[in-house]
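Comments concern the structure below.
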Amino acid sequence: MSSSTYVAPTDHAKAADKFMEDEERVNWHDKALWFIRQKRDVASKQLPEWELLRETASQIKQNVLSNLDTYLEEFERHAKQNGITVHWAADAAEHNRIVLDIIKRHGIQKLVKSKSMLTEECHLNDFLGDNGIDVVDTDLGERVVQLAQEPPSHIVLPCIHKRKEEVGELFHQHLGTEKGASDPAYLTEAARQHLREKFLTSDLAITGVNFAIAETGGFVVCTNEGNADMGAHLAKVHIACMGIEKIIPKAENLGVFLRLLARSATGQPITTYSSHFHRPRPDQEMHIVLVDNGRSIQLGRKDFYNSLKCIRCGACINTCPVYRRSGGHSYHYAISGPIGAILAPNMDMKKNADLPFASTLCGSCSNVCPVKIDIHNQLYQWRQVLSDGGYVPKTKKIGMQAMATVLSNPTIYRVAGKSGRFMMNLMPGLANMKAVNPWAKQREMPEPPKESFRDWYLKNKKKS
Amino acid sequence: MKVGLFVPCYIDQFYPQVGIATLQLLEKLGVDVEYPLQQTCCGQPMANSGFSSMTGGCDANFVRNFTGYDYIVAPSGSCVLHIKDHLHDDKNPEAATHIRSHIYELCEFLTDVLEVKALDSKFPHKVGFHTSCHGQRGLHLSQMTELNAPDFSKPGYLLNMVKDLELIPLNRKDECCGFGGTFCVTEEAVSVKMGRDRVQDHLEHGAEFITGGDVSCLMHMEGILKRQKSPVKVLHIAEILNGQYE
Ligand code: SF4
């Protein structure tokens, strides 16, 4: 371990502390997401073949990841035959440049964009903004966080952390709704009018991609609001941005994934709009940008490659008991929650070293995942990789070394135990960077018993 | 059948009564139990903190202590899961393999190996059962609510044998309590909030006692209850099944 590797990251625990200052907010945040988890439970239990579907999806993706190069080339060939222009981007910067070039070539100043976590990952909005392009996010939740100048806190429910009153205030400031109005129907109608004008006057639409089909060269975009269609159907230019792992081999595979996606995400039997795009309209230009941005590296990590099976349903996030209480922004990465915590270290181990530790390893995430990613095992494995690489605080390593010494030697263990039940001292010692004992801040310590079990056993049971 | 009793370090140090209840219960059921005297810890505290590289000493000591038993039994799902998944010893690979495949959490040992059909115990109270994640999702001691699969519960099956015990329902049957090893101090605020919410579910359903198979979760919830000055008590399932709690 080189001592210089460690830098204090934007700490999940600190950000969580902040989110939790407002306990009432935490309570409804928790309840809202738990409600969605329950809807997912009900929907998934209505399909007797649910577990088989998950296994099938997982294996289809296994095949995709094992033959990714072949499927990507097959997709490119067919997409080109359909008249789509295909671009390849090695990283976020190249992706952003490609998109900007297309925009500039058409002399366009403003555009609409439907939900795409890839463009969040690449910070496309900031980049285009810096280049004088006006980007309007058309997913309602995304528009809300965009107006608030915040990143989404959830991949499916971008503004789940905001109260309706806060949305009302934002709309009052930006869309001129009545001050103090927070009725969801009223606010939604205001957003609809506001976005309609944007749709009608935009010459270019950016969308994400949920599934790209190698066999046909077409792609599918799922939304509940129809905003991807509104954008793409009205604009002269459609740019679809996708991570290279979004490929599926055949159109028939969609039957597996579309059934899993909406049920896992929100408990709906199917997303309201599953739009299939195959070729540009006669008067339209259609582009696809295929983005790597760290995915090839992740694909090469034996313990972590299958995180690329993710279909971004958000189920692992909804079920995560830590996420529900710490809020999405505490993950300081485009994708929050358990899946974000296993993807982020691949992008930057220094910056994201805290994330795999922001979990109790309860394993609920792996159980809900429709493509059966072993998320909690990967959180554990990332901890090993990050500790081995020196990405955790030195004090922690020293503490652990002391603990290991005590626990691997029975004699030292017993002496330490006698001198005041060493566990008592050890527990706060684990976080000795804090001044107060973090266990006892809001919890009582267990009372030390008169004797240890071993002492009792020697007195009462030892035969010889 | 010779059984080696594994009493994890924090039970040895803080909750000896859980080790005692486990030993007495097994003996009452006619099992020949021995407590190897040089045991310490399964090594999980280091491993879950990212330092599995430091667990060699614990592993070797564990293998030294628990070689030669037909079964190893412990009143802790979490420690058993760690041994099952991670114990290895390059010098004694066969002994380590035997231990990994013959270590049982107390409840599953009672239901699966001893196939207990009745217990001589009585507990006339309303009891909430806390499902520990490692016991459930790791060892499959009960069905996980996330899966579309038939319901079952080994601890529940045993608690139903206890006379006059009333098992209360919960809103969230298998949500994590927030202990999480070092998580309980490094993410103190989230950990405590999760624990308070979990405890609240039991309180709302009228629990007089909260029980479970993992002392770590119970210690965390007990700490919260005590701080709240709640009269609700926490007991390990071994103490209830053993029937000696006064
Ligand atoms: S990891 Fe699994 S559960 Fe989480 S968002 Fe991806 S597909 Fe959904």
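Protein sequences appear in the order of chains C and Y. Each residue of the first sequence is one higher than the one before, counting from 67 in our numbering. Each residue of the second sequence is one higher than the one before, counting from 409 in our numbering. Backbone N, C-alpha and C define an ideal beta-carbon position, used for all residues, glycine too.
Check, Outcome
"Distance between G394 (chain C) and K562 (chain Y) (C-alpha atoms, nearest Å)", "36 Å"
"DSSP bridge partner residues for T273 (chain C) (one or two, in chain order)", "C:A306"
"Contact set for K584 (chain Y): own chain, Cβ-Cβ below 6 Å, skip 5 residues either direction", "Note on residue identity: the sequence assigns Cys, not Lys, to residue 584 (chain Y). C541, listed in sequence order."
"Exposed unless 16 or more other CB atoms sit within 10 angstroms - verdict on L384 (chain C)", "Residue 384 (chain C) is actually Asn in this sequence, not Leu. N384 (chain C) is buried by the Cβ-count criterion."
"Contact test: V388 (chain C) Cβ vs the ligand SF4 heavy atom, cutoff 8 Å", "no"
"Other residues of its chain near Y423 (chain Y): CB distance less than 6 Å, five sequence neighbours each side excluded", "V623"
"Proximity test, Cβ basis, 9 Å: L421 (chain C) and chain Y", "no"
"Residue-chain proximity (E596 (chain Y), chain C), Cβ-Cβ < 9 Å", "yes"
"Beta-bridge pairing of E647 (chain Y) - partner residues as DSSP gives them", "According to DSSP, which records beta bridges pairwise, E647 (chain Y) is partnered with nothing at all."
"Other residues of its chain near A158 (chain C): CB distance less than 6 Å, five sequence neighbours each side excluded", "C188 and N359"
"Proximal residues, the stretch 619-635 of chain Y versus chain C, C-beta separation under 8 Å", "M627, H628, E630, G631, I632, K634 and R635"
"F627 (chain Y) to A251 (chain C) span [Cα, whole Å]", "According to the sequence displayed, residue 627 (chain Y) carries Met and not Phe. Taking the straight line joining both Cα atoms gives about 47 Å."
"C-alpha distance - L496 (chain C) paired with A470 (chain C), whole-angstrom precision", "A caution first: L496 (chain C) carries a pLDDT of 44, below 50, which makes its placement in the model unreliable, though a value can still be read off. Each residue's alpha carbon lies about 12 Å from the other."
"Sub-9 Å separation of P436 (chain C) and A109 (chain C) beta-carbons", "no"
"Beta-carbon contacts of T338 (chain C) that lie in its chain and below 8 Å, excluding the five residues immediately before and after", "T289, N290, E291 and G292"
"Cα-Cα separation, Y443 (chain Y) to D83 (chain C)", "43 Å"
"Under the three-state DSSP convention, the category S529 (chain Y) falls into", "coil"
"Partners in chain C for E554 (chain Y), counting only beta-carbon separations shorter than 8 Å", "D107, T385, S430, N433 and V434"
"Neighbour list for P504 (chain C) in chain Y, Cβ cutoff strictly below 7 Å", "V593 and E596"
"Residues of the stretch 508-521 of chain C whose Cβ lies closer than 9 Å to any Cβ of chain Y, in chain order", "Q508, R509, E510, M511, P512, E513, P514, P515, K516, E517, S518, F519, R520 and D521"
"Cβ-based contacts, 8 Å cut-off: residues of the stretch 111-130 of chain C near chain Y", "K111, L113, P114, W116 and E117"
"Ordered list of beta strand (DSSP E) runs contained in the stretch 472-546 of chain Y, each at least 3 residues", "479-482, 511-513 and 534-538"
"Short CB-CB distance (under 9 Å) between W100 (chain C) and chain Y", "yes"
"The ligand SF4 heavy atom lying under 8 Å from the CB of C288 (chain C)", "no"
"Contacts that E583 (chain Y) makes with chain C (C-beta to C-beta distance below 7 Å)", "P387"
"Chain-order list of residues whose beta-carbon lies under 6 Å from that of P515 (chain C) (same chain, five-residue window excluded)", "none"
"Nearest-angstrom beta carbon gap, I310 (chain C) and L138 (chain C) [assumed within contact, 8 Å]", "6 Å"
"Per DSSP, the bridge partner or partners of K105 (chain C)", "According to DSSP, which records beta bridges pairwise, K105 (chain C) is partnered with nothing at all."
"Bounding residues of the alpha helix (DSSP H) (the contiguous stretch that carries F265 (chain C))", "P250 to T267"
"Under the three-state DSSP convention, the category K462 (chain C) falls into", "helix"
"Neighbour list for D420 (chain Y) in chain C, Cβ cutoff strictly below 8 Å", "G483, S518, F519 and R520"
"Partner residues on chain Y for D83 (chain C), Cβ-Cβ distance less than 8 Å", "A597"
"Sub-9 Å separation of K581 (chain Y) and T539 (chain Y) beta-carbons", "yes"
"Beta carbon proximity, A79 (chain C) to chain D, threshold 9 Å", "In the structure shown, chain D does not exist; the protein chains are C and Y."
"C532 (chain C) CB to nearest heavy atom of the ligand SF4 below 8 Å", "In this structure chain C extends from 67 to 530, so residue 532 (chain C) is not present and cannot be described."
"Alpha-carbon spacing of D478 (chain Y) relative to A504 (chain Y), whole angstroms", "13 Å"
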